[in-house]
Structures are given as structure tokens and as C-alpha cells.
Amino acid sequence: MSDSAPLTTDHPGQAASVTPPAPGRSRRLSDRGLAVAFTSPALLLLLAMSVFPLLWALYLSFTDYSATRGGPAQFLWFENYTAILTSPQVHQRALTTLIYVVGAVALQTVLGFTIAYLISRRTHGRGLLTTLFLVPMMLSPVVVGLFWRFMLDAQFGVINSMLGSLGLGQVEWLTRQRTALISLILVDTWQWTPFIMLIALAGLTAVPTYLYEAASIDRASQWFQFRTITLPLVWPLLLIAVLFRAIEAFRLFDLVYILTSGGPGVSTETLSFHVYKVAFLGFNTGTASAYGILMVLVVIVLTQLYLRYLNKLKED
Numbered sequence: 001m002s003d004s005a006p007l008t009t010d011h012p013g014q015a016a017s018v019t020p021p022a023p024g025r026s027r028r029l030s031d032r033g034l035a036v037a038f039t040s041p042a043l044l045l046l047l048a049m050s051v052f053p054l055l056w057a058l059y060l061s062f063t064d065y066s067a068t069r070g071g072p073a074q075f076l077w078f079e080n081y082t083a084i085l086t087s088p089q090v091h092q093r094a095l096t097t098l099i100y101v102v103g104a105v106a107l108q109t110v111l112g113f114t115i116a117y118l119i120s121r122r123t124h125g126r127g128l129l130t131t132l133f134l135v136p137m138m139l140s141p142v143v144v145g146l147f148w149r150f151m152l153d154a155q156f157g158v159i160n161s162m163l164g165s166l167g168l169g170q171v172e173w174l175t176r177q178r179t180a181l182i183s184l185i186l187v188d189t190w191q192w193t194p195f196i197m198l199i200a201l202a203g204l205t206a207v208p209t210y211l212y213e214a215a216s217i218d219r220a221s222q223w224f225q226f227r228t229i230t231l232p233l234v235w236p237l238l239l240i241a242v243l244f245r246a247i248e249a250f251r252l253f254d255l256v257y258i259l260t261s262g263g264p265g266v267s268t269e270t271l272s273f274h275v276y277k278v279a280f281l282g283f284n285t286g287t288a289s290a291y292g293i294l295m296v297l298v299v300i301v302l303t304q305l306y307l308r309y310l311n312k313l314k315e316d
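UniProt numbering puts the first residue of the sequence shown at 1, with every later residue one more than the last.
Written out as C-alpha cells, the structure is:
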């Protein structure tokens with residue numbers, strides 16, 4: 001018989017003690033250790049691709065660095081920021097960007113929610129209609145810009161051909177200051193209205209049906225149901241979609257580059273396109289970095305204020 005005996009317990013409900021592992025035996029990694037081991041490479045790569053460029057741009061924003069000029073960069077401290085914030089040209093570009101963002105996002109929100117509301121009331125063909133409306137959003141912005149550039153051409157565009165067949169005069173959509181920014185808003189609305197529609201449709205289909213049934217029993221009108229049931233329940237989700245679209249519209253570049261290149265004059269030159277001109281045409285890398293940091297700060301501040309409003313709305 002062996003000298004060692006299995007451990008027993010005096011009480012039947014007491015668990016047997018566990019012997020410690022033998023010396024030299026490798027311990028297995030815990031679940032937390034495995035999670036850290038597998039996610040660390042991806043996190044390090046993400047930090048290297050996002051955080052380091054941001055810190056480098058922050059450093060360059062305090063210098064007079066130029067990508068085409070040799071020699072070390074000199075520290076200017078806050079001179080780049082002061083020059084940007086006091087420049088009348090920057091104020092004009094900021095106003096153009098504000099008009100574009102407010103106009104495009106407001107139009108997309110109204111159209112997207114209206115289309116989603118009409119689709120949600122259908123019982124047949126809802127999936128097909130949703131798929132057809134999502135097609136513009138699936139296209140590349142460069143393809144959309146070239147597509148609409150040919151359509152809006154003053155001489156050979158199909159839009160002016162249709163207007164001429166109706167007896168209306170031709171419109172210089174992209175070569176006049178009054179119509180160039182409007183054309184830009186309309187093209188962006190055509191592409192990104194499905195995004196608002198998709199999120200609004202998800203919110204509309206998630207509204208409990210028993211609320212409408214109870215309202216119908218009480219003989220509530222359709223407008224009353226929409227105002228007291230549909231809109232309050234979908235409104236928070238719609239505001240999130242508006243936030244995403246506003247951030248995306250604020251940094252618009254590709255459509256401006258393809259459609260108007262900031263013209264005629266500077267009537268459609270947004271802040272993002274102006275930063276491109278400063279960085280890659282004027283090669284003022286330090287000033288362009290200061291532009292980028294200021295734009296990031298504006299987005300962060302406005303987003304925080306917007307999220308506070310959403311949290312307050314959720315609490316109410």
C-alpha cells in the first residue's frame with residue numbers, strides 16, 4: 001500500500017482541499033492573459049497608425065516645417081494658430097463649410113426620414129425598395145462626383161438637356177457661384193440620404209405595434225400617432241445619424257475635388273479642401289497641421305455638446 005492517502009473531509013458538505021501544482025509545472029494563461037496576448041498586436045498597430053500621426057501633426061503645427069524645404073524646422077509656438085484664427089480667408093471657408101453642412105444634413109434628414117416612414121408603412125416590397133434606395137450609398141464618392149459632373153455639364157449634361165426639352169433655360173450648375181454650392185449639396189444629398197433612411201427605418205420598425213393598436217382603439221388620428229408615438233421614439237436614433245453625417249460632411253473633400261475644385265473662385269472651397277491646398281500645393285506643412293488640429297478640436301467640442309444633449313434627452 002502507498003503511504004500517501006487521499007484527503008478526506010470531516011463534514012460531507014466541505015470540499016476537499018486542492019494540492020498545489022508540482023514545482024516546475026507551467027501554469028496555463030488565464031482568460032484575461034489570453035485576451036491581452038491576442039489583442040495586443042492589433043492595439044499596438046492601431047496606436048501606431050492613428051495616435052502617432054496625430055502627435056506628429058501636433059508637433060509640426062508649432063513649427064514652420066515644409067515638406068519641400070531642407071533644414072531643420074523652427075519653433076513658432078502659437079503663431080500658426082493665431083494666423084489661422086485671425087485670417088478673413090479662413091472665416092470665409094468656415095462659413096462655406098457651415099452652409100454646406102447645415103444645408104446637406106438638414107435636407108438628407110428630412111428626405112431620409114420621409115422615405116423611411118413611407119417604406120415602413122408598406123407590407124409588400126419593402127426589402128426591394130430598401131435595396132434600391134441604398135445603391136447610391138454603395139458607390140465610391142469619386143464615381144459619384146464624375147457621374148454628376150457629366151450630368152451637370154452646362155453644354156452636354158443630361159440635366160440641361162431635360163430642362164431645354166421642357167422649354168426652360170440652361171443653368172450653369174458648376175461654373176456660377178450661386179449654383180455651385182447648391183449643386184454640391186444636392187449631389188451629397190443624393191448619395192447620403194440612404195444612410196439617414198436606413199437608420200430611421202431601423203428605428204421605425206423597432207417601435208412596438210401595441211402602441212399603435214392602443215392608439216387606434218382610442219380613435220387617435222394618424223397625425224396624433226406620428227407626433228406622440230413615432231417621432232419621440234425614433235428621434236434619438238435619428239439624432240445619432242445626424243451626428244455621423246455632420247462629422248462626415250464637415251471633412252468633405254472628394255466631391256469638392258471632383259466637381260468644382262473649390263471654384264468658381266473660392267465659392268465651394270471647404271475647410272478640408274483648403275487644408276489640401278495649403279499642404280500639397282503651397283507645401284506649408286506646419287500651417288496645414290495647425291489647420292488639422294483645429295478641425296479635430298472643433299469636432300470634439302461640438303460632438304461632446306451634442307452627446308450631452310442626447311444624454312439629457314435620454315434621461316427626460
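Ideal Cβ placement from N, Cα and C applies to all residues, glycine included. Predicted model, so just to flag it, every value in this text is computed and none were measured.
A buried status is given to Ala-116, since no fewer than 16 other beta-carbon atoms sit within 10 Å of its beta-carbon. With a cutoff of 8 angstroms on beta-carbon distance, Thr-97 and Leu-271 are scored as near each other. Remark: fewer than three beta-carbon pairs, one from each stretch, lie closer than 8 angstroms, so the segment 157-170 and the segment 213-230 are not flagged as touching.
Between Val-90 and Ala-249, the gap from beta carbon to beta carbon reaches 8 angstroms or more.
Secondary structure at Phe-147: helix, using DSSP grouped into helix, strand and coil.
Per DSSP, Phe-52 has no beta-bridge partner at all. Listed in chain order, the non-local C-beta contacts of Met-137 below 6 angstroms within the same chain comprise Pro-194, Phe-195, local neighbours out to five positions each way being set aside. The three-state secondary structure of Phe-253, taken from DSSP, is coil. Taken through DSSP and simplified to helix, strand or coil, Phe-156 comes out as coil. Annotated three-state conformation of Thr-63 is strand, per DSSP. Rounded to whole angstroms, the gap between the alpha carbons of Leu-198 and Leu-129 is 11 angstroms. Contact between the segment 144-154 and the segment 229-241 is not established, with fewer than three Cβ pairs separated by less than 8 angstroms. Ranked by how close their Cα comes to the Cα of Gly-145, the residues Met-49, Tyr-210, Ile-185 have Ile-185 in first place. By the neighbour-count criterion, in which 16 or more other beta carbons inside 10 Å mark a residue as buried, Leu-95 falls on the exposed side.
Remark: C-beta atoms of Arg-245 and Val-105 approach each other more closely than 8 angstroms. With contacts defined by Cβ atoms closer than 8 angstroms, Thr-63 and Gln-74 form a contacting pair. Short of 7 angstroms from the beta carbon of Leu-313, and not among the five residues preceding or following it, lie these beta carbons of its own chain, in chain order: Pro-236.
Pairing Tyr-306 with Leu-243 gives a Cβ-Cβ distance under 8 angstroms. For Thr-287 and Val-299, the gap between their C-alpha atoms comes out near 19 angstroms. The shortest C-alpha to C-alpha distance from Gly-292 to any of Ala-206, Ala-48, Pro-53, Ser-30 is the one to Pro-53.
Excluding its 5 nearest sequence neighbours in each direction, Pro-141 has C-beta neighbours in its own chain below 8 angstroms: Gln-191, Asp-254, Leu-255, Ile-258, listed in chain order. Beta-carbon to beta-carbon, Gly-263 and Phe-273 are separated by about 10 angstroms, too far to satisfy the 8 angstroms threshold.
In its chain, beyond the 5 residues on either side, Glu-269, Leu-271, His-274 have a beta carbon closer than 6 angstroms to the beta carbon of Arg-93. By the neighbour-count definition (other C-beta atoms within 10 Å, threshold 16), Asn-284 is a buried residue. The beta-carbon separation of Thr-189 and Leu-118, rounded to 17 angstroms, does not stay under the 8 angstroms limit for a contact.
Beta-bridge pairing by DSSP links Phe-280 to no other residue. In this structure Ala-83 does not touch Ser-289 by the C-beta definition: roughly 13 angstroms separates them, more than the 8 angstroms allowed. Residues of the same chain with a CB within less than 7 angstroms of the CB of Arg-126, apart from the 5 flanking positions on each side, are Ile-119 in chain order. Under a 10 Å Cβ-count criterion, Trp-148 is classified as buried, with 16 or more other Cβ atoms of the shown protein chains found around its own Cβ.
Within the DSSP bridge table, the entry for Phe-75 names Thr-63 as partners.
Taking C-alpha positions only, Leu-45 is separated from Ala-37 by approximately 14 angstroms. With fewer than 16 other beta carbons inside 10 angstroms of its own, Trp-223 counts as exposed. When the beta-carbon positions are compared, Ser-267 and Leu-181 come within less than 8 angstroms of each other. Note on geometry: alpha-carbon atoms of Leu-163 and Val-187 lie some 18 angstroms from one another.
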